[in-house]
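A.B. asks:
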Amino acid sequence: MGESETQREWTKGAGSQIDWRGRAFEGICLGSTLFGILMVLVLLVYVTLDAFAITQPGTAPWLDWGFLTSAHSRFPEEAGIYPALIGSIMMVIVIALSAFPVGVGAAIYLEEYAPDNRLIDLIEINIGNLAGVPSVVYGLLGLALFIRTLRMPSGSVIVGGFTVGLLILPIVIISAQEAVAGVPDSQRRASYAMGATRWQTVRNVVLPASLPGIMTGTILALGRAIGETAPLLMIGAAATIFSAPSGPFDRFSAMPRQIFAWAGQPSDEFQYGVLAAGVVTLLAVMLSMNAAAILIRNRYQRQ
Amino acid sequence: MSGETDSLDLAGGITRSPKERTIEGVLFLCAALSVFVTGAIVFTLTVDAIGFFTQISPAAFFLGDEWTPAIEPLSFGVLPLVSGTLLVTVLSAFIALPTGVGAAIYLSEYASPRVRSVIKPALEVLAGIPTVVYGYFALVYITPAIGMLGLPVSTFNVLSASIMVGVMIIPMVSSLSEDAMSAVPDELRNAGYGLGATKFEVSTGIVVPAAISGIFSSFILALSRAIGETMIVTVAMGQRPRMLDLSSFPEILFSSGQTMTAAMVQLGTSDVSGGTAAYSSLFAIGLTLFVLTFVMNLVANWVAARYQEEY
Chain D
1438 MGESETQREW
1448 TKGAGSQIDW
1458 RGRAFEGICL
1468 GSTLFGILMV
1478 LVLLVYVTLD
1488 AFAITQPGTA
1498 PWLDWGFLTS
1508 AHSRFPEEAG
1518 IYPALIGSIM
1528 MVIVIALSAF
1538 PVGVGAAIYL
1548 EEYAPDNRLI
1558 DLIEINIGNL
1568 AGVPSVVYGL
1578 LGLALFIRTL
1588 RMPSGSVIVG
1598 GFTVGLLILP
1608 IVIISAQEAV
1618 AGVPDSQRRA
1628 SYAMGATRWQ
1638 TVRNVVLPAS
1648 LPGIMTGTIL
1658 ALGRAIGETA
1668 PLLMIGAAAT
1678 IFSAPSGPFD
1688 RFSAMPRQIF
1698 AWAGQPSDEF
1708 QYGVLAAGVV
1718 TLLAVMLSMN
1728 AAAILIRNRY
1738 QRQ
Chain E
28 MSGETDSLDL
38 AGGITRSPKE
48 RTIEGVLFLC
58 AALSVFVTGA
68 IVFTLTVDAI
78 GFFTQISPAA
88 FFLGDEWTPA
98 IEPLSFGVLP
108 LVSGTLLVTV
118 LSAFIALPTG
128 VGAAIYLSEY
138 ASPRVRSVIK
148 PALEVLAGIP
158 TVVYGYFALV
168 YITPAIGMLG
178 LPVSTFNVLS
188 ASIMVGVMII
198 PMVSSLSEDA
208 MSAVPDELRN
218 AGYGLGATKF
228 EVSTGIVVPA
238 AISGIFSSFI
248 LALSRAIGET
258 MIVTVAMGQR
268 PRMLDLSSFP
278 EILFSSGQTM
288 TAAMVQLGTS
298 DVSGGTAAYS
308 SLFAIGLTLF
318 VLTFVMNLVA
328 NWVAARYQEE
338 Y
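Protein chains in written order, with this note's numbering: chain D, 1438 to 1740; chain E, 28 to 338.
1. Using a beta-carbon distance below 8 Å, is residue 245 (chain E) in contact with chain D?
2. With a cut-off of 8 Å, does the C-beta of residue 112 (chain E) fall near any C-beta of chain D?
3. Can you pull out the residues from the stretch 182–195 of chain E whose beta carbon lies closer than 7 Å to at least one beta carbon of chain D?
4. Return the Cβ separation of residue 331 (chain E) and residue 240 (chain E) in integer angstroms, given the expectation that the two are a contact with Cβ distance under 8 Å.
5. What are the residues of the stretch 1625–1649 of chain D that lie near chain E, defined by any Cβ-Cβ distance shorter than 7 Å?
6. Could you check which residue in E:53, E:93, E:114 and E:72 has the C-alpha nearest to that of residue 275 (chain E)?
7. Using alpha carbons as the reference points, say which of D:1673, D:1578 and D:1458 lies closest to residue 295 (chain E).
8. Out of curiosity, what's the CA-to-CA distance linking residue 122 (chain E) and residue 1557 (chain D)?
9. Leaving out the 5 sequence neighbours to the left and right, which residues in its chain are closer than 7 Å to residue 1504 (chain D) when beta-carbon positions are compared?
10. Does the beta-carbon distance from residue 1624 (chain D) to residue 1548 (chain D) come in below 8 Å?
11. Between D:1667, D:1705 and D:1686, which has its C-alpha nearest residue 1695 (chain D)'s C-alpha?
12. Closest by CA to residue 327 (chain E), which one among E:272, E:291, E:252 and E:293?
13. Determine the extent of the alpha helix (DSSP H) in which residue 306 (chain E) is found, giving its start and end residues.
14. Between E:145, E:266 and E:334, which lies nearest to residue 183 (chain E) when the distance is taken from Cα to Cα?
15. Determine the closest residue to residue 1687 (chain D) out of D:1520, D:1702, D:1726 and D:1735, with distance taken between C-alpha atoms.
16. Quick check: residue 307 (chain E) and residue 79 (chain E), are their CB atoms within less than 8 Å of each other?
17. Express the C-alpha separation of residue 1719 (chain D) and residue 97 (chain E) in angstroms, rounding to a whole number.
18. Assuming residue 1463 (chain D) contacts residue 137 (chain E) (C-beta within less than 8 Å), just tell me the rounded distance between them.
19. Spatial neighbours of residue 314 (chain E) within its chain, please: CB distance less than 6 Å, with the 5 preceding and 5 following residues excluded, ordered by chain position.
20. Give me, in chain order, the residues of the same chain whose beta-carbon lies closer than 6 Å to that of residue 1564 (chain D); leave out the 5 immediate sequence neighbours on both sides.
21. Just to confirm, is the Cβ distance from residue 103 (chain E) to residue 289 (chain E) under 8 Å?
22. Do three or more CB pairs link the stretch 210–226 of chain E to the stretch 154–172 of chain E at distances below 8 Å?
23. Whole alpha helix (DSSP H) runs in the stretch 116–166 of chain E with 4 or more residues, listed along the chain?
24. Tell me the rounded alpha-carbon separation between residue 119 (chain E) and residue 1597 (chain D).
25. Thinking just about the alpha-carbon of each residue, which of D:1711, D:1730, D:1731 and D:1721 is nearest to the one in residue 1511 (chain D)?
26. Let me confirm a value: residue 1645 (chain D) is counted as buried when at least 16 other C-beta atoms fall within 10 Å, else exposed. Which label applies?
27. Work out the CA separation of residue 284 (chain E) and residue 111 (chain E) for me, nearest whole Å.
28. Verify whether the separation of the beta carbon atoms of residue 1681 (chain D) and residue 1532 (chain D) is less than 8 Å.
29. Whole angstroms is fine: what's the gap from residue 269 (chain E)'s alpha carbon to residue 128 (chain E)'s?
30. Output, in sequence order along the chain, the residues in the stretch 1591–1606 of chain D whose CB is closer than 8 Å to any CB in chain E.
31. Using a Cβ-Cβ cutoff of less than 7 Å, which residues in the same chain neighbour residue 1699 (chain D) once the five nearest sequence positions on both sides are dropped?
32. Within its chain, find whatever has a CB closer than 7 Å to the CB of residue 292 (chain E); leave out the 5 residues flanking it on each side and keep chain order.
33. Mind checking whether the beta-carbon of residue 1558 (chain D) lies closer than 7 Å to any heavy atom of the ligand ADP?
34. Alpha carbons only, please: which of E:300, E:323, E:193 and E:263 is nearest the one belonging to residue 340 (chain E)?
35. Just how far apart, CA to CA, sit residue 1482 (chain D) and residue 1724 (chain D)?
36. State buried or exposed for residue 1487 (chain D), treating a residue as buried only when at least 16 other CB atoms are found within 10 Å of its CB.
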């Protein structure tokens, strides 16, 4: 009895002694977790306040309908993002039409067809490594491959779309692979038992079942694509353009490219006004794409 | 598991019609495109880099300490750019590696499932914000904030760019490290608790050592990302290539510099014409950057696989 009493005292004593160290450590870990999140949150609040001129008395909001529907101007009050916004949207369409089918095709091959050999291992490792190649290097590839070798027009929507498409291809493949691998084998075997061929099984069973996952991953990848800047600089996308591109072979500017051009304007009206409005527009477009992806995921997860 | 594979192969083998084989071929080409992309990157960068090295000797490029590709006398020493990249990478590592590991420990060991489900996506957002936006943040908010602390920063400076690069790569460290920590089986933790260890002792004495290969792997990947980061340093760090000179520390942090990637953007957006040394130097830097990051990614994979704890 006396012994267990001592024992308890001892544990209690040691516990309260070490508890402080443990508490401090937990606090440091929590602080590390929140450090980046809070910092970016504060910056996002600042940029939003600036975009709507809330802290700039006597100034009309920078981000308004006029900003979204007019082109760049050297007068900050008249500057807008319209041609770059349309350019970004057209580029994303090119990316979706090129990277999506190829990425899904690659994922289906790797998950459903690929034999278990060295070549396939090599392809898988290679895809993982491509996802880590700096985006500026993809820009050089686009410049050398599409513009110099294939003679496509410099700075055009199609070159921008193909270049950024190659950049996000590994992400599309990896997320589509996950979606395809998530389809239970029992469904495939049921299809084969009905006498279906491999392609019939892929088309009628695997693809429909994995489509929500594939769409979610692809939209997230497109959201990343819309913010890419460095490749566009390398392939000669226009810094500033006054009319939206009318076709895929026209020279274009995209939102991040326009933001980068504005960052070179030293006046406060640009730095804390037009630029802030451009950043908020870009983030809003990305946010709505991510929201769409999450919506698709939640909607189909429930079933 | 092998039974399943057998039955699938059997089903696929019954009907090998031309159509089925064509489709398989097309899908294979999609997968093989990724290998073509790697080949194309290596080929195009190498061709132009070789063109560059016929004009400028590799020694002058890799060992030269003067980078003036557009101003006479032309000089193509890459070391000032490597210095800039090194400085940003080391500084951002100071921010991202400890905070990333701290966050991973918190998420894996301390956070309740509900807290985790909120914080994990919030951390991922950090990696999803476009880098040009981070560059803008560094330029118009971080730099003035540092100035308000009384530090003598110039408009374009190494410090604010590095802070933003560090914040950007936190999620790379935290999410990969957390995966490694979550993979540590509970038996190990319970054994620690059974010996009377506290949560702190279990976290630092058992979980972190057991997950160390995954943590190192995440460090290498994060550093590789910092080396290849382009827009933050282009927007916020300026365009002054300078050698790393520790005697000018900490002044060197408060003034401008230039990384390899920023120099590429400067060359790529200027009017240098094809065939000149300045133009092909773009590809020489690009190749250096590609090889560096590719090797780091391979090493990260290798570390993660080679030193994987077998549970």
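Glycine included, each C-beta is placed from N, C-alpha and C at the ideal position.
C.D. replies: Reading off the structure:
1. In the second sequence, residue 245 (chain E) corresponds to position 218, counting from 1. With 8 Å as the cut-off, residue 245 (chain E) does not count as an interface residue toward chain D.
2. Counting from one through the second sequence, the residue named residue 112 (chain E) turns up at place 85. Chain D contact via Cβ: absent.
3. 194
4. The residue given as residue 331 (chain E) occupies position 304 in the second sequence. The residue given as residue 240 (chain E) occupies position 213 in the second sequence. About 6 Å separates the two Cβ atoms, so the contact holds.
5. 1625, 1626, 1629, 1634, 1635 and 1636
6. Locating residue 275 (chain E) in the second sequence gives position 248, counting from the first residue. Checked all of E:53, E:93, E:114 and E:72; the closest Cα to residue 275 (chain E) is E:114.
7. Here residue 295 (chain E) is taken as the residue at index 268 of the second sequence, counted from 1. The candidate whose alpha carbon is nearest that of residue 295 (chain E) is D:1673.
8. Mapped onto the second sequence, residue 122 (chain E) falls at position 95. Mapped onto the first sequence, residue 1557 (chain D) falls at position 120. Those two C-alpha atoms are separated by around 38 Å.
9. Within the first sequence, numbered from 1, the residue matching residue 1504 (chain D) stands at position 67. Once the five neighbours on either side are set aside, the close Cβ partners of residue 1504 (chain D) are 1517, 1518 and 1714.
10. To locate residue 1624 (chain D), count along the first sequence from 1; it is residue 187. To locate residue 1548 (chain D), count along the first sequence from 1; it is residue 111. Result no, Cβ atoms of residue 1624 (chain D) and residue 1548 (chain D) do not sit closer than 8 Å.
11. The count along the first sequence starts at 1 and reaches residue 1695 (chain D) at position 258. The candidate whose alpha carbon is nearest that of residue 1695 (chain D) is D:1667.
12. Residue numbering aside, residue 327 (chain E) sits at position 300 when the second sequence is read from its first letter. The candidate whose alpha carbon is nearest that of residue 327 (chain E) is E:252.
13. Locating residue 306 (chain E) in the second sequence gives position 279, where the first residue counts as 1. Counting along the chain, the alpha helix (DSSP H) containing residue 306 (chain E) begins and ends at 304–333.
14. Here residue 183 (chain E) refers to the residue found at position 156 when the second sequence is read from its first residue. Cα-wise, what sits closest to residue 183 (chain E) is E:266.
15. Your numbering for residue 1687 (chain D) matches position 250 in the first sequence. Of the candidates D:1520, D:1702, D:1726 and D:1735, the one whose C-alpha sits nearest the C-alpha of residue 1687 (chain D) is D:1520.
16. Locating residue 307 (chain E) in the second sequence gives position 280, where the first residue counts as 1. Locating residue 79 (chain E) in the second sequence gives position 52, where the first residue counts as 1. Yes; because the gap between Cβ atoms is below 8 Å, this pair is in contact.
17. As a working mapping, residue 97 (chain E) is identified with position 70 in the second sequence. As a working mapping, residue 1719 (chain D) is identified with position 282 in the first sequence. Near 34 Å, if we compare the C-alpha coordinates of residue 1719 (chain D) and residue 97 (chain E).
18. Along the first sequence, one-based indexing puts residue 1463 (chain D) at 26. Along the second sequence, one-based indexing puts residue 137 (chain E) at 110. With 8 Å as the limit, residue 1463 (chain D) and residue 137 (chain E) qualify as a contact, their Cβ atoms being about 5 Å apart.
19. Looking up residue 314 (chain E) in the second sequence gives position 287. If we look at residue 314 (chain E) and ignore the five residues flanking it on each side, its Cβ neighbours are 72 and 76.
20. As a working note, residue 1564 (chain D) is residue 127 in the first sequence. Only 1607 and 1610 meet the Cβ criterion.
21. The residue you call residue 103 (chain E) lines up with position 76 of the second sequence. The residue you call residue 289 (chain E) lines up with position 262 of the second sequence. Cβ atoms of residue 103 (chain E) and residue 289 (chain E): not closer than 8 Å.
22. no
23. 140–155 and 158–164
24. Here residue 119 (chain E) refers to the residue found at position 92 of the second sequence. Here residue 1597 (chain D) refers to the residue found at position 160 of the first sequence. Approximately 30 Å between the Cα atoms of the pair.
25. By 1-based counting over the first sequence, the position of residue 1511 (chain D) is 74. Among D:1711, D:1730, D:1731 and D:1721, the Cα nearest to that of residue 1511 (chain D) is on D:1711.
26. As a first step, residue 1645 (chain D) is located in the first sequence; it is residue number 208 there, counting from the start. Residue 1645 (chain D) should be labelled exposed.
27. Against the second sequence, residue 111 (chain E) aligns to sequence position 84. Against the second sequence, residue 284 (chain E) aligns to sequence position 257. Cα-Cα distance, rounded: 6 Å.
28. Against the first sequence, residue 1681 (chain D) aligns to sequence position 244. Against the first sequence, residue 1532 (chain D) aligns to sequence position 95. The answer is no: Cβ separation not under 8 Å.
29. What you label residue 269 (chain E) is simply residue 242 of the second sequence in a count that begins at 1. What you label residue 128 (chain E) is simply residue 101 of the second sequence in a count that begins at 1. Going by the C-alpha atoms only, they are around 32 Å apart.
30. 1603 and 1606
31. For this step, residue 1699 (chain D) is matched to residue 262 along the first sequence. So the qualifying residues of the chain are 1707, 1711, 1712 and 1715.
32. As a working mapping, residue 292 (chain E) is identified with position 265 in the second sequence. 257 and 261.
33. Ligands in the displayed structure: none, and consequently the ligand ADP is not present.
34. Lying outside 28 to 338, the shown extent of chain E, residue 340 (chain E) is not represented and no answer is given.
35. Translated into positions along the first sequence, residue 1482 (chain D) becomes position 45. Translated into positions along the first sequence, residue 1724 (chain D) becomes position 287. Spanning the two alpha carbons is a distance of roughly 15 Å.
36. If you number the first sequence from 1, residue 1487 (chain D) lands on position 50. So residue 1487 (chain D) counts as buried.
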